[in-house]
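Notes follow once the structure below has been shown.
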Amino acid sequence: MPLALWALTLSAFAIGTTEFVIVGLVPTIAHDLGVSLPSAGLLVSLYALGVAIGAPVLTALTGRWPRKALLLSLMALFIGGNLLAWLAPGYQSLIIARIITGLAHGVFFSVGSTIATSLVSKDKEASAIALMFSGLTVALVTGVPLGTWIGQLFGWRATFLIVALLGVIALLGSALLLPAKLKQTAPARLSQQLKVLTQPRLLLVYAMTAVGYGGTFVAFTYLAPILEQVSGFAPNAIGLIMLVYGVSVAVGNIWGGKLADKLGPVKALQIIFAALALVLFVFSFTAGNSITAVLTVLVWGAFAFGNVPGLQVYVVQLAEKYTPDAVDVASGLNIAAFNVGIAIGAVVGGAVVDNMRLTDTAWIGAVIVVLALLLTRWSGALDKQAAPHNAVQTA
Numbered sequence: 007m008p009l010a011l012w013a014l015t016l017s018a019f020a021i022g023t024t025e026f027v028i029v030g031l032v033p034t035i036a037h038d039l040g041v042s043l044p045s046a047g048l049l050v051s052l053y054a055l056g057v058a059i060g061a062p063v064l065t066a067l068t069g070r071w072p073r074k075a076l077l078l079s080l081m082a083l084f085i086g087g088n089l090l091a092w093l094a095p096g097y098q099s100l101i102i103a104r105i106i107t108g109l110a111h112g113v114f115f116s117v118g119s120t121i122a123t124s125l126v127s128k129d130k131e132a133s134a135i136a137l138m139f140s141g142l143t144v145a146l147v148t149g150v151p152l153g154t155w156i157g158q159l160f161g162w163r164a165t166f167l168i169v170a171l172l173g174v175i176a177l178l179g180s181a182l183l184l185p186a187k188l189k190q191t192a193p194a195r196l197s198q199q200l201k202v203l204t205q206p207r208l209l210l211v212y213a214m215t216a217v218g219y220g221g222t223f224v225a226f227t228y229l230a231p232i233l234e235q236v237s238g239f240a241p242n243a244i245g246l247i248m249l250v251y252g253v254s255v256a257v258g259n260i261w262g263g264k265l266a267d268k269l270g271p272v273k274a275l276q277i278i279f280a281a282l283a284l285v286l287f288v289f290s291f292t293a294g295n296s297i298t299a300v301l302t303v304l305v306w307g308a309f310a311f312g313n314v315p316g317l318q319v320y321v322v323q324l325a326e327k328y329t330p331d332a333v334d335v336a337s338g339l340n341i342a343a344f345n346v347g348i349a350i351g352a353v354v355g356g357a358v359v360d361n362m363r364l365t366d367t368a369w370i371g372a373v374i375v376v377l378a379l380l381l382t383r384w385s386g387a388l389d390k391q392a393a394p395h396n397a398v399q400t401a
């Protein structure tokens with residue numbers, strides 16, 4: 007793989023770290039800025055909304071920009087957002103910093119995917135994209151727990167400074183290693199995007215994505231305060247537990263992809279959503295004991311992100327069938343749906359924390375994931391109904 011691809015992977019690592027590290031820092035930020043836990047949790051939602059808006063809207067607006075110039079601009083925006091978070095004098099400025107960083111995130115993965123494929127031969131395109139996205143997985147395994155540990159030891163601002171420095175290294179690497187002229191695909195027309203958003207089958211999968219992912223983030227956003235206030239862990243232990251969670255996520259992501267390949271995305275998603283709902287429900291009871299809490303978090307991680315490969319494959323399959331001229335747009339909108347789910351889940355979790363107990367976020371998240379399971383079963387039933395009709399048309 008070319009060195010330029012590793013620069014993209016480092017960028018993805020930095021972006022993944024800054025997105026999810028906030029989860030481990032929620033109690034610290036709340037205490038330091040004198041805001042409530044739900045207010046600190048809102049920083050997760052606002053970042054995710056920045057991604058959800060940035061992915062489709064800014065990608066369309068910058069469609070004609072030279073790819074290298076656009077990528078470098080995005081990394082500069084990312085660095086600026088993290089530096090603003092480092093220097094943020096108060097809660098409001100931290101909100102602005104998170105939104106700015108989220109906007110950069112949304113466009114980066116859309117543009118980065120096309121750049122990654124342009125750097126390699128046709129037979130290595132999938133591997134190139136997988137390598138770039140592995141930066142996100144590695145961020146969950148190492149970047150998030152290390153960032154949480156740094157935040158607990160030196161203050162949460164130090165975490166954003168370190169991430170900004172990673173962004174600078176990635177920016178310099180991209181500036182030096184990426185070719186000046188990169189292949190540029192024609193930007194998606196507005197009519198193509200609208201066609202995707204008016205296709206009921208695709209909207210159903212986006213709902214599955216948002217609800218299934220959102221259910222997890224009702225509780226995951228407040229995992230650190232649960233572990234501190236309910237399970238009895240010291241703040242400096244949260245980074246280690248996030249490491250356990252990250253390793254489990256990495257394994258679950260690979261397992262989820264293999265399960266989707268073996269059983270098909272719909273059956274795989276039904277299994278994963280059912281297991282995820284069960285684990286979240288159980289966590290509402292096991293969170294009170296330090297040993298059972300960690301064991302449950304370990305199992306939770308295996309299912310929390312295991313649905314990602316199946317959902318992405320399913321969207322592509324349906325897009326190839328219903329909107330064949332806008333498959334990339336459909337796939338990109340599913341990334342936006344993931345982040346809409348994160349945003350809504352964090353807001354719902356905040357409302358639960360405000361009015362109920364911290365552990366209630368777990369079983370309420372489980373109920374929301376059950377809704378995703380029902381939506382998945384409905385989508386599978388629609389597939390079966392369509393199959394005889396398609397067979398008749400083919401005949």
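Take the position in the sequence shown, starting the count at 1, then add 6; the result is the number in this note's numbering. Note that beta-carbon positions come from the ideal geometry of N, C-alpha and C, so glycine has one too.
message: At the level of alpha carbons, what is the spacing between residue 72 and residue 188?
response: Distance between the alpha carbons of residue 72 and residue 188: 8 Å.
- prompt: In angstroms, rounded to a whole number, what distance separates the CA positions of residue 388 and residue 347?
  reply: Counting only the Cα atoms, residue 347 lies some 23 Å from residue 388.
- request: Can you give me the Cβ contacts of residue 140 inside the same chain, cut-off strictly under 8 Å, excluding the 5 residues immediately before and after it?
  value: In the same chain as residue 140, and ignoring 5 residues on each side of it, the C-beta atoms closer than 8 Å to its own belong to 15, 18, in chain order.
message: Beta-carbon within less than 8 Å of residue 375's beta-carbon, same chain only, minus the 5 sequence neighbours each way: which residues are those?
response: 217, 218, 221, 222, 279, 282, 283, 286.
query: At what residue ranges does the stretch 128 to 201 contain a whole run of the alpha helix (DSSP H), taking only runs of 4 or more?
result: Listed in chain order, they are 131 to 144, 150 to 160, 162 to 183.
- prompt: Are residue 304 and residue 254 touching if we call contact CB-CB under 7 Å?
  reply: Pairing residue 304 with residue 254 gives a Cβ-Cβ distance under 7 Å.
task: With DSSP as the reference, label residue 71 as helix, strand or coil.
output: In the structure shown, residue 71 sits in coil (DSSP, three-state: anything other than H, G, I, E or B).
message: Which same chain residues end up closer than 7 Å to residue 155 when comparing Cβ atoms and leaving out the 5 residues on each side of it in sequence?
response: Cβ-Cβ distances below 7 Å link residue 155 to 245 in the same chain, with the five nearest sequence neighbours on each side left out; the list follows chain order.
query: Taking the alpha helix (DSSP H) that residue 226 falls in, what are its first and last residues?
result: Counted as a single uninterrupted DSSP element, the alpha helix (DSSP H) harbouring residue 226 occupies residues 206 to 226.
message: Which residue wins for smallest C-alpha separation from residue 47, given the options 32, 70, 178, 336?
response: It is 32.
- prompt: Measuring CA to CA, which of 34, 54, 128 is closest to residue 22?
  reply: Answer by Cα proximity: 54.
Residues of its chain near residue 108, where Cβ-Cβ distance is below 6 Å and the 5 sequence neighbours each way are ignored: So the qualifying residues of the chain are 53, 56, 57.
Helix, strand or coil at residue 237 [DSSP, three-state]: Reduced to three states, the DSSP call for residue 237 is coil.
message: Quick check: residue 266 and residue 256, are their CB atoms within less than 7 Å of each other?
response: Cβ atoms of residue 266 and residue 256: not closer than 7 Å.
field: Residue nearest to residue 63 in terms of C-alpha spacing, selected from 183, 358, 338
entry: Of the listed residues, the one whose Cα sits closest to residue 63 is 338.
task: Please indicate yes or no: does the CB of residue 63 lie closer than 6 Å to some heavy atom of the ligand HEM?
output: Among the components of this structure there are no ligands whatsoever, and the ligand HEM is therefore not found.
query: Less than 7 Å separating the beta-carbons of residue 112 and residue 138?
result: Result no, Cβ atoms of residue 112 and residue 138 do not sit closer than 7 Å.
Ranges of the alpha helix (DSSP H) found wholly within the stretch 345 to 391, counting only runs of at least 4: Taking only runs of at least 4 residues, no alpha helix (DSSP H) segment lies wholly in the stretch 345 to 391.
field: Integer Cβ distance of residue 82 from residue 166, believed to fall under 8 Å
entry: Incorrect: roughly 16 Å between the Cβ atoms, too far for contact.
query: Once you ignore the five residues that flank residue 343 on each side, which residues in its own chain have a CB closer than 6 Å to its CB?
result: For residue 343, same chain residues with a beta-carbon under 6 Å away, outside a window of 5 residues either side, are 212, 215, 216 in chain order.
query: When you compare only the Cα positions, how much space is there between residue 25 and residue 105?
result: Residue 25 and residue 105: Cα-Cα distance of roughly 11 Å.
message: Pop quiz: residue 224 and residue 370 are said to be a contact at Cβ under 8 Å. What is the actual Cβ separation, rounded to whole angstroms?
response: Confirmed, Cβ separation roughly 6 Å.
Minimum C-alpha distance to residue 270 - residue among 231, 259, 315, 373: Considering only alpha carbons, the answer is 315.
Residue 158 versus residue 202: straight-line alpha-carbon distance, rounded: Going from the Cα of residue 158 to the Cα of residue 202 covers about 44 Å.
query: Going by beta carbon distance, what residues of the same chain come within less than 6 Å of residue 358, once the five residues before and after it are set aside?
result: Take residue 358, set aside five residues on each side of it, and the residues of its chain with a beta-carbon closer than 6 Å to its own are 366, 367, 370, in chain order.
- request: Might you give, ordered along the chain, the residues of its own chain that have their beta carbon closer than 8 Å to the beta carbon of residue 86, omitting 5 neighbours on each side?
  value: Counting only Cβ-Cβ distances below 8 Å, and skipping sequence neighbours, we find 106.
task: Can you tell me which of 177, 206, 42 puts its alpha carbon nearest to the alpha carbon of residue 327?
output: Ranking the options by Cα distance to residue 327, first place goes to 206.
field: Buried versus exposed, by CB contacts within 10 Å (16 or more), residue 259
entry: Label assigned to residue 259: buried.
- request: Pull up the CB-CB distance for residue 76 and residue 180, whole angstroms please, since I reckon it's below 8 Å.
  value: With a Cβ gap of about 11 Å, residue 76 and residue 180 do not count as contacting.
message: Using a 10 Å radius around the Cβ and a threshold of 16 neighbouring Cβ atoms, would you call residue 186 buried or exposed?
response: Counting other Cβ atoms within 10 Å of its Cβ, residue 186 stays below 16 and is therefore classed as exposed.
field: Counted within 10 angstroms of its Cβ, other Cβ atoms place residue 330 as buried (16 or more) or exposed
entry: Within a 10 Å sphere around the beta-carbon of residue 330 sit fewer than 16 other beta-carbons, which makes this residue exposed.
- prompt: So what does DSSP say about residue 335, is it helix, strand or coil?
  reply: Helix at residue 335.
message: With a threshold of 6 Å on Cβ separation, who are the neighbours of residue 251 within its own chain once the five nearest residues in sequence on each side are excluded?
response: So the list reads 303, 307, once near-sequence residues are dropped.
- request: Pick out whichever of 249, 309, 247 has its Cα sitting closest to the Cα of residue 277.
  value: The option with the nearest alpha carbon to residue 277 is 309.
field: Run of the alpha helix (DSSP H) containing residue 271, from where it starts to where it stops
entry: Per DSSP, residue 271 belongs to the alpha helix (DSSP H) from 271 to 292.
- request: Using beta-carbon positions only, say whether residue 352 and residue 50 come within less than 7 Å of one another.
  value: Contact flag set, yes.
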